[in-house]
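Q: Heads up: the sequence shown at position 288 corresponds to 288 in the UniProt record's numbering, and the numbers run straight through without jumps. Every residue gets a Cβ at the ideal spot worked out from N, C-alpha and C, and that includes glycine. Take this structure, written in structure tokens, and hold onto it; I'll ask about it next.
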Amino acid sequence: MPAGDNSDDSKAPLLPINESVESSSSSPFSLKSLISLKSFYVVLGPILCAIVCVFVKFDGPVTSRNMLAVLAWVFSWWLTEAVPMPITSMAPLFLFPLFGISSADSVAHSYMDDVITLVLGSFILVLAVERYNIHRRLALNITSRFCGEPVNPPLLLLGICGTTFFLSMWMHNVACAVMMMPVATGILQRLPTGPTQSTHIRDFCRAVILGVTFATPIGGMSTLTGTGVNLILVAMYKGSYPDAEPIGYNTWFFFGFPLALLIFFAFWAILCLLYLSRGSSQALSAYLDKTHLKRELNLLGPMAFAEKMVLAVFGVLVALWMTRSITEDIPGWGTLFNGRAGDGTVSVLVATFLFVIPNKKRKGEKLMDWNECKKLPWNIILLLGAGFAIADGVQSSGLADQLSKTLDFLEEAPYLAIAPAVCLICAIITEFITSNDATATLVLPLLIQMAKTMHVHPLLLMVPGAVGSQFAFILATATPSNIIGFATGHINIPDMVKTGIPLKIAGIVILSLLMPTLGVYVFGLNGGVQ
Numbered sequence: 001m002p003a004g005d006n007s008d009d010s011k012a013p014l015l016p017i018n019e020s021v022e023s024s025s026s027s028p029f030s031l032k033s034l035i036s037l038k039s040f041y042v043v044l045g046p047i048l049c050a051i052v053c054v055f056v057k058f059d060g061p062v063t064s065r066n067m068l069a070v071l072a073w074v075f076s077w078w079l080t081e082a083v084p085m086p087i088t089s090m091a092p093l094f095l096f097p098l099f100g101i102s103s104a105d106s107v108a109h110s111y112m113d114d115v116i117t118l119v120l121g122s123f124i125l126v127l128a129v130e131r132y133n134i135h136r137r138l139a140l141n142i143t144s145r146f147c148g149e150p151v152n153p154p155l156l157l158l159g160i161c162g163t164t165f166f167l168s169m170w171m172h173n174v175a176c177a178v179m180m181m182p183v184a185t186g187i188l189q190r191l192p193t194g195p196t197q198s199t200h201i202r203d204f205c206r207a208v209i210l211g212v213t214f215a216t217p218i219g220g221m222s223t224l225t226g227t228g229v230n231l232i233l234v235a236m237y238k239g240s241y242p243d244a245e246p247i248g249y250n251t252w253f254f255f256g257f258p259l260a261l262l263i264f265f266a267f268w269a270i271l272c273l274l275y276l277s278r279g280s281s282q283a284l285s286a287y288l289d290k291t292h293l294k295r296e297l298n299l300l301g302p303m304a305f306a307e308k309m310v311l312a313v314f315g316v317l318v319a320l321w322m323t324r325s326i327t328e329d330i331p332g333w334g335t336l337f338n339g340r341a342g343d344g345t346v347s348v349l350v351a352t353f354l355f356v357i358p359n360k361k362r363k364g365e366k367l368m369d370w371n372e373c374k375k376l377p378w379n380i381i382l383l384l385g386a387g388f389a390i391a392d393g394v395q396s397s398g399l400a401d402q403l404s405k406t407l408d409f410l411e412e413a414p415y416l417a418i419a420p421a422v423c424l425i426c427a428i429i430t431e432f433i434t435s436n437d438a439t440a441t442l443v444l445p446l447l448i449q450m451a452k453t454m455h456v457h458p459l460l461l462m463v464p465g466a467v468g469s470q471f472a473f474i475l476a477t478a479t480p481s482n483i484i485g486f487a488t489g490h491i492n493i494p495d496m497v498k499t500g501i502p503l504k505i506a507g508i509v510i511l512s513l514l515m516p517t518l519g520v521y522v523f524g525l526n527g528g529v530q
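In structure tokens, the structure reads:
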């Protein structure tokens, strides 16, 4: 490859649309063809829905029971992949009106939420990064520094996850996932695919994608501005207890960073145990030789104008994401628009500049062509829309109120059992509400009231609840960053479940140990444990 040659890459995109067409069978129809495991999975959804409608009774409105029935239907199809994912993602459009949960028009609005436009604009930037091989340049830099000689898969995985963790401390989780996922896939493009791919290489690919996907929310826990949940916690605490000492940036960092760091290393250990076996180093050594990587990096030559402009646009977008709303005392540029302009508005606006800025290397062309948008993962955007529709349905149907009642038993429990219990319950609820912020907004007011009843400091309950709402490590629809990782095609839902469950347990254990010790000291809760 000549130096400085940054022509369009014909490789498969980061977020491919599944265009495979199954060949039609010429065999005649028979009853036996209907009796299969996949056919059972198809009818399993409606069966579970009917069981919930018949046998489950709630004190609240009937729509709360109906919503639980719809959840059983939709999630059974998602978990078993009985029907194509995009078809399942559109199920709320007809199931919600059918069960009286909400109108078709209301459900349709959920499929064009501000976060969806945020992801849409981000995906356009990802396509630009791929078009000019920027992800390959970044991937070669990271790989050459961390791969070791000979190849050390755990060290390389630590380098990729550690970079993601650090970036997520300072920027939006979605932005971090969007930035790092092309880097991760750029590393994996060096490895064989298809039938020639060995088990060791396939597992390493899964570990890398899962590493970027889950290191993103873990890093966001470290700082006050790393995720919206931390800011919601601070705002609710200040609003409910205006005379108390507010939680400052440094105060949270002294607790959040050690917490996130311990969870991060536990996560890295889980990935190494599940996906990196003894033969991984030998399997990867043929494709990730350090000398060869440095030679390829030199062959790329200096960055071309198009690469610099794409990175500049990406940098502007990240800066706008980080400064739209900083803190209550330091308002961001969002106040100029009275809060009407969200992150999604900015993402689409900035992404449009890629279709306006000329490409100096090719006269008459822009940095991006509209035909590139055919590669956008519309199936994943439908999946995200379904997640928001479900989140709205859980709240509007009254099911959220029924779920919140499960916290009542904690009023009689000893404190040492409360922190893990609160964290566990919030970690479960957040899997069904696509926004971690929405989970925190739902649960934190309940925990404030419980703290008053139990006569304990509210932060002893609020911090575990806020942190637990960020443990969305199982379902693809739990957070937008999960969807970005799922969209690469390297991982599936069983992979996320297998990794997410032990990670969730490790996070709950670490938080349960730190909150009554380091938390009491950092937040000044002496005597708060009762």
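Just the C-alpha distance for T163 and T216, rounded to the nearest angstrom, thanks.
A: 10 angstroms
Q: If G500 sits next to I474, beta carbons under 8 angstroms apart, how far is it from one beta carbon to the other, in whole angstroms?
A: Contact holds; Cβ gap of about 4 angstroms.
Q: Please return the same chain residues whose Cβ sits closer than 6 angstroms to the Cβ of M179, not counting the five positions on each side in sequence.
A: Same-chain partners within the cutoff: there are none.
Q: Just checking my contact of T345 with T117 at CB under 8 angstroms: how many whole Å lie between their CB atoms?
A: 7 angstroms
Q: Within the continuous alpha helix (DSSP H) that includes V70, where are the two ends?
A: It spans V62 to T80 - the alpha helix (DSSP H) in which V70 sits, taken as one unbroken run.
Q: On the three-state DSSP scale, how would you describe L420?
A: Strictly speaking, residue 420 in this sequence is Pro, with Leu absent from that position. Residue state, collapsed to three classes: helix.
Q: Quick check: what's the CA-CA separation for I247 versus Y521?
A: 13 angstroms
Q: Spatial neighbours of F257 within its chain, please: CB distance less than 6 angstroms, with the 5 preceding and 5 following residues excluded, ordered by chain position.
A: S222
Q: By how many angstroms is the C-alpha of C205 removed from the C-alpha of E197?
A: Sequence inspection shows Gln at residue 197; the Glu mentioned does not correspond to that position. Approximately 10 angstroms between the Cα atoms of the pair.
Q: Please determine, among P61, F55 and L44, the residue with the shortest C-alpha to C-alpha distance to A400.
A: Per the Cα distances, P61.
Q: Indicate whether T227 and N492 have their beta-carbon atoms separated by less than 8 angstroms.
A: no
Q: Could you pull out every unbroken alpha helix (DSSP H) segment of at least 4 residues lying fully inside the region 464-523, listed in chain order?
A: 480-486 and 493-514
Q: Using a Cβ-Cβ cut-off of 8 angstroms (strictly less than) and excluding sequence neighbours within five positions of G524, which residues of its own chain qualify?
A: E245
Q: What residues in its chain sit with their C-beta under 8 angstroms from that of S281, if we drop five residues either side in the sequence?
A: Here the set comprises P150, V151, N152 and P153.
Q: Quick one: Cα of G84 to Cα of M67, how far?
A: Looking at the sequence provided, one finds Pro at residue 84 rather than Gly. Going from the Cα of P84 to the Cα of M67 covers about 22 angstroms.
Q: Do the region 307-325 and the region 92-105 make contact, defined as three or more Cβ pairs closer than 8 angstroms?
A: As far as the Cβ criterion goes, the region 307-325 does not touch the region 92-105, which means the pair count is below three.
Q: Going by the CB atoms, is the gap between I142 and G121 shorter than 8 angstroms?
A: no
Q: For L511 and C426, which I take to be in contact (beta-carbon distance under 8 angstroms), what is that distance rounded to the nearest angstrom?
A: That belief does not hold up - the Cβ atoms of L511 and C426 are roughly 11 angstroms apart, past 8 angstroms.
Q: Please list, in chain order, all residues of the same chain as F353 whose beta carbon is under 7 angstroms from its beta carbon, the five residues on each side excluded.
A: V313
Q: What's the gap between the Cα of V316 and the Cα of A260?
A: 27 angstroms
Q: Which value, in whole angstroms, describes the spacing of the CA atoms of G385 and A184?
A: Cα-Cα distance, rounded: 25 angstroms.
Q: Relative to the alpha-carbon of G387, which residue among M181, E431 and S396 has its alpha-carbon at the smallest distance?
A: Ranking the options by Cα distance to G387, first place goes to E431.
Q: Quick check on DSSP: helix, strand or coil for K374?
A: helix
Q: K290 by DSSP, collapsed to three states: which one?
A: Judged by DSSP in its simplified three-state form, K290 adopts helix.
Q: Leaving out five residues on either side along the sequence, give the residues of the same chain with a beta carbon under 8 angstroms from the beta carbon of G519.
A: F255, L459, L460, V463 and L525
Q: Which whole-angstrom value describes the C-beta separation of I270 and L503, a residue pair presumed to lie in contact below a C-beta threshold of 8 angstroms?
A: 6 angstroms
Q: Given this structure, state the Cα-to-Cα distance separating H200 from H490, to the nearest angstrom.
A: So the alpha carbons of these two residues sit roughly 14 angstroms apart.
Q: Over the uninterrupted alpha helix (DSSP H) stretch that includes G334, give me the two end residues.
A: No alpha helix (DSSP H) holds G334; DSSP gives it neither H nor E.
Q: Starting from M236, trace the alpha helix (DSSP H) in both directions and tell me its first and last residue.
A: G228 to S240
Q: Are the Cβ atoms of V74 and T63 separated by less than 8 angstroms?
A: no
Q: To the nearest whole angstrom, what separates the beta carbons of I101 and V70, a pair I think is in contact under 8 angstroms?
A: 7 angstroms
Q: Quick one: complete alpha helix (DSSP H) runs, 4+ long, within the region 148-214?
A: 153-168 and 173-188
Q: Report all residues from its chain with a CB closer than 6 angstroms to the CB of G468; omit the five preceding and five following residues, and keep chain order.
A: C423, C426 and A427
Q: So, is F40 buried or exposed, given that buried needs 16 or more other C-beta atoms within 10 angstroms?
A: exposed
Q: So, with DSSP's three-state summary, where would you put K366?
A: strand
Q: With 16 as the cutoff for other CB atoms within 10 Å, does N482 come out buried or exposed?
A: buried
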